[in-house]
Each structure stands twice: as structure tokens, then as C-alpha cells.
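Working notes, beginning with the structure itself.
Residue numbers (this note's numbering): 37 to 786.
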């Protein structure tokens, strides 16, 4: 009977010169690397008070990742110890050399001496400490080895040490044959690139269960917070396969592939196969072990399908997860399923009932993370539904209290990014800028592991993109380019959040090309915008057609886009499309038809609390009244709308607003007395100077040309010949650079 069940308790292996043994549930193995760590701990105990406080602190910080992490080359270990304490690194090397060049009994004696660390009234190591548990695991695993296995371990230790010696000799030979300047440059490059090399991140050889769990949590943290420092998808898949080979019981490792960029459902389906082969199918309704893993694997499979847009497959997997969770009465899993059910339903129709139910249940079962996510989703939905900003900010304030109470730093970042986006939606760029700066200056509350900071998440990508667009709107294109450059470095093109900065980059380039009158360049950018956001792409295409005086084609495109946005309830885009349609009517001399369109846009903007779009619509209405011959009424309503534009608007919109004020002043002055008319024209000249400064800031040559023409006419009326000639000269220079507009100046607002 003992021979039949022996493999269940003791399964010695020799792989790549390393002895492993799973001893009565102690899933840890003695390896040459761990022998080197034991020597390090022994020498650290001998040094005692000889080490300085700073050196001891550095060593203590180094020990935890060494004990938990995968095995590494001896040269790498020596380098890490030398950075903390060069003297101790030398002692470790000498002790290992004496053991390797001695006899087998020296290694036996070394393990016997390790047990003395726990003896005495004041032992060097406490049994329950991290170091104490590691020592006890190693001593237990070593004592269970047979003599042949001890000999193989000793041989593997000799090979481990000799490889390091050969590497040192090769480096010395290279130093003798290499130019010193080239060597210094190469060493600097190696020091900079060292922490990022995959062979140092990956797990070399088999891992114990604890090392495997540490490797998984470390890679998951990297993929979540800074995927540029994580292993590539191919390398990570290779390491997961190696991990499962030596740790078949850790099937949860497969779920890590959810975060791989090129992930597919094969790994999760393979997880179900593993459970069935191990006879875990009958345990699917258990509270622990395979049953819990099975229902969460089904939930992860649903999340993966949802991420890839396979909504029908996601719904089937979610139904399976719900069934298993109900059988095992797992309310936590059911709440996660309910959250994903809302996400799936949201792809088809808005379902506030599910979301509110999810928030209430999450609070009832003490799940602050899920409750906060539900509140964030509700706020986002209410923002698109046109709720007042003060009520939304109150709801976010309540969720922030929940975040700080439970130290949910990731959700704090999400909440701040959400506030930035909401203020942008309502047209309050100053408030959006404040929230963006708040998030960028905040320190993360999460623990920092091996230099990983929580700064490469979607929240930071969203905030940085808004920051780049805000700078571009104010004419700071160099600053916007620097922000985008930083985004490209932080989120490479193959990362999951790269499409955010790609879209904003294309939009900023498009606006610059339109301002500069390079419509062919703007037209070439439309394809890239459409690939990232189809609605934005169609809208930009219509703008280009309108600028090229292709009115009928632009009108057809805008009408199709309007119908689509009304169906999808994209109110912000509906208003923008209506404003563009009104401008088409102006250019076609259909001024009376434009008025109902503008009134419809104004009603929508006020209904959905989109203050900035409402102000922009009022400016368009004032322009319509100017064209219809009632400039006094236009001036009256301009005072209502111009303040939000000047406070929160883009530089181009500010210039257009001041230009419109000047036009209305000139038109109103026709009925004034000569003295009052002169004062009105001089005031209009000042407003034109301000508009000219705004247009020059964003390099909008076409609008600048129109301002110069209008200003020259005013100077001519006022009898200021020198100023008139100067404006006429600048106008001529711009007119030669730019093509003719093709329509009267009075018929264009922007």
C-alpha cells in the first residue's frame, strides 16, 4: 500500500540540476539559489552589530523579494547584496566557495548549524517570522532528502557556483580586450536596462507554491498598473505553462492570461478541463477550493468575452457563473455577476434598475469596491441624462468618503478622472484642469512593489489626454505635444489604453490643420479618427466638406449622423451636428431656416445642462439676428453668452466671440449720432485687436485674414490712414497664402 500512495506524499524530481521534493504538503524545494540565501542569512546573523543601521535597513528591504521571488543567477544575487553591503557580499561568496570546494559533509554541517539559530533564550531568528519560516521550510525539505538526492543537490550547487566563476572570467577577458570608454558606456547601458530585461523578471526554473503565487501577483500588478514593465504576452504564457507544469494544483494561474493583450478563451477553457480531469466537477458548488475557482473562472471568461465584444458568449458564460454561485449560495460572486450583467445590458439598452439594485446589495454585503463602481456608473449615466452638476458632485463626494475609509486608491483615481470628464462635458475647463492636476499630483496609497507605481492606469491616461486637449485649445501646442509624447512613452501603441491618446492626438492635429487652412491634411487625418471613433470621424469629415464648400455632401453626411446620434442618445454630438447644419444654412443664404435648428440645439443644451454648448448656441443665434438686421438684439443676447466663453472656452471660440461683438457694434452704430458712432467704432477696433490676438495664438490664418480686412475698413472710416495701410498690408500677405473664401465675410461665424 505504501508504494501505491507514495507519490501523493513524496515526489522527488531532478530538473536542470535542481532537486525538488513535495514533503507531506510542504511545497518547497531546496535549490542552489536558496542555499545561497541561507548562506546570506547565516552571514547576516554572524555580522550582528557590526553592520550599520543604514546597511541593515537596506538588507531587510532586500530580503523579502529575495525570499518570495524566483531563483536567480548567483552574479545577480551578489550584485544585489553588494548594493546594500559590499562586505557581506564578499563573506557570502567566500562561504559558498569554501562549501563548494570542500566536501559533502561541509553542506551537512551547514544545515546542522542552521538549527542553532532558533536555540537560546534570545534566538537570532524567531520561528514565526518570515525568515524563521523560510529556514524551517528549508531544513525540513533538506532532512527529507535521501542520500542520492543530497549528492545531486551538492553537485547542482557546485555547477551553480562554477557558472558564476566562468561568467566572471569571461567579463575580465572582455575588459582586457575592450576600450575603456566603450566599456563604461556599455556598463552604463546595462545598469539602465538591467531591471527591465525579461530574463530577470521571468522565473528561471521550477517554482515553489509560494514563489508561484508571488510571481502571479507581481505580474498581475504590473499588467494592471504598468504593463510596459511586465513580461510580453508570449513570455508570460511560456512562464505560466512552466508554472503549471511544476505546480499543477495552482490552476488559478490561468486566469492571469485575462490581462494578456493577445489573450483568448483557450486558457480559461483549459482551466475547466483541468478541474474535470481532477474530478472537481462534483465539487462545483463548494465554498472553497475548486468550486469557488470554477465559478470565478466562468465569471472571468464572461469578462474576457465582453472585453472583446463577444456579448452573446459573455452572456452564456455569465449565466453559468450565476448558476454555480446560486448553487453554492455565494452572494459575493452573485454581486460581481450582477455588475457584469448591468454592463452587458448597457450594451443593448440603459438599465438603471439593475445598477441601483447592485449598489444597494453591495452595500448590504459589505462590498465597498463594487458599491463604489456602481455609484461611479450611476453618476456617469446621470451626467449623460442631463442631471445638475452639483447633485453629481455630491454623489461623487459620498463615494470618495467610501474610498478614503477603505483605502481604495484605485477608485480614488477613477473618481477624480470622472470629475475631470464631467466638468469637460459641462464645458467648465477651469474645473476640469483643477481635477486633472489634483490626480497627477496625488500619491498612490497602494503598496509599491519593485518600483511599480500606480501611474499607468486608465485614469491617468484619461486625465493626461484631457490635459493635452486643454493645452491645445488654449494655443499651447508645444505643451500639448510634450504631454502626448509622455503618453506615448507611458502607454506604448500596443498597450490597452493607447487608443485614448491616439484619438486625442489625431483630433489635435486635425484642429491645427483646419485652423491653418490645410484642408487636405485634415482630410487625411479623418481616416485615423474614424478608425478610433466612428462618430467623431464622420463629424470631422463633414467639417472638412463644409470648409471645402461642398455643401450638399456635408449636409447629407450630417443628416445621417444626426439620425444615428438621436437613436444612440448622444446628446452632445446631436447639438454639435445641429450647429454645423445651421452654419450650412447660413452659407447657403437660408438664414430663416437656420433659426429653428438653433433653437432646437439651445433647448437640448439647456435640458442636459451643457452650459458651454448652450453659450455657443446663443452666439450662433446672435449671429443669425445680425444677419437678419437686428444687431441691437444680437448685442443684448451676446452679453448673456460671452462670459462663459471667455471664462472656459477655447482660444478660437474666444476670438470668434469677440469678432462677433465687433460686427454687432459696427452694425448697431449705423443709426447712432456721429460722435457716438465714432466711439462705437473705436470700441469695435479694440475688440478686433483682442480677437486678432486670440486667432494669432492658435495660428488661425483664415480668421485672422477676415479680422484684418474688417479692421482696415474701420480704420478707413475713422480716417486713420497709417493703421489702415498696415492692416491692408498684413491682409494682402495672408490673402496670397490662403485661397479665397468663396462666400461673403458676413455669412460666416467661425
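Here a beta-carbon is modelled for each residue, glycine too, at the ideal position from N, C-alpha and C. As the structure is a computational prediction, the values presented were derived from the model and not from experiment.
Here DSSP, grouped into helix, strand and coil, assigns residue 664 to coil. At the C-beta level, residue 733 and residue 553 stay beyond 7 Å of one another. A residue is called buried when at least 16 other Cβ atoms come within 10 angstroms of its Cβ; residue 699 meets this threshold and is buried.
The Cβ atoms of residue 515 and residue 507 sit closer than 7 Å to each other.
Secondary structure note for residue 557: its alpha helix (DSSP H) is the uninterrupted segment 555-568. In this structure, the beta-carbon distance from residue 451 to residue 428 does not fall below 7 Å. In the structure shown, residue 168 adopts helical secondary structure according to DSSP, grouped into three states. DSSP places residue 503 within a helical segment (H, G or I) once states are collapsed to three. Residues 468, 471, 472, 499, 502 of the same chain have their beta carbon placed closer than 6 Å to that of residue 456, with the five preceding and five following residues left out of the count.
The shortest C-alpha to C-alpha distance from residue 397 to any of 374, 560, 414 is the one to 374.
Within 10 angstroms of the beta-carbon of residue 757 lie fewer than 16 other beta-carbons, which makes it exposed. At a Cβ-Cβ threshold of 7 Å, residue 542 and residue 571 do not count as neighbours. For residue 765 and residue 445, the gap between their C-alpha atoms comes out near 59 Å.
Along the segment 51-137, the alpha helix (DSSP H) occurs as fully enclosed runs of 4 or more residues at 68-83, 89-104, 110-120, 122-137, listed in sequence order. Residue 82 is positioned such that its CB atom lies no closer than 7 Å to that of residue 120. Annotation for residue 143: the continuous alpha helix (DSSP H) segment containing it runs 140-150. In this chain, the alpha helix (DSSP H) harbouring residue 765 covers 757-773. DSSP places residue 521 in the uninterrupted alpha helix (DSSP H) bounded by 513-526. Apart from the 5 residues on each side of it in sequence, residue 640 sits with its Cβ closer than 7 Å to the Cβ of 607, 610, 611 in its chain, given in chain order.
Residue 190 counts as buried, since at least 16 other C-beta atoms from the protein chains shown sit within 10 angstroms of its C-beta.
Within the same chain, no Cβ atom closer than 6 Å to the Cβ of residue 355 is found once the five residues on either side in sequence are excluded. About 4 Å separates the beta carbons of residue 704 and residue 667, which is inside the 8 Å limit, making them a contact pair. Contact check between the segment 704-714 and the segment 684-696: fewer than three CB pairs, one atom from each, fall below 8 Å, which does not count as touching. Residue 341 and residue 562 have their alpha carbons spaced roughly 30 Å apart. Cβ neighbours of residue 519 within its own chain (closer than 8 Å, five residues either side excluded): 500, 503, 504, 507. For residue 132, the closest of 351, 496, 110 by C-alpha to C-alpha distance is 110. Residue burial is scored here from C-beta neighbours: residue 142 has fewer than 16 other C-beta atoms within 10 angstroms and is therefore classed as exposed.
In summary, residue 123 is exposed, with fewer than 16 beta-carbon neighbours lying within 10 Å of its beta-carbon over all protein chains present. Rounded to whole angstroms, residue 726 and residue 769 show a C-alpha spacing of 20 Å. Take residue 584, set aside five residues on each side of it, and the residues of its chain with a beta-carbon closer than 7 Å to its own are 555, in chain order. Contact annotation: the segment 433-443 touches the segment 401-419, with at least three C-beta pairs closer than 8 Å. Note on residue 258: 16 or more other CB atoms within 10 angstroms of its CB, so buried under the neighbour-count rule. Under the three-state reduction of DSSP, residue 628 is assigned to helix. Just so you know, the alpha carbons of residue 280 and residue 462 end up roughly 51 Å apart. In this structure, the straight-line span from the alpha carbon of residue 251 to that of residue 106 is close to 7 Å. Distance from the Cα of residue 166 is smallest, within the candidate group 97, 192, 630, 108, for 97.
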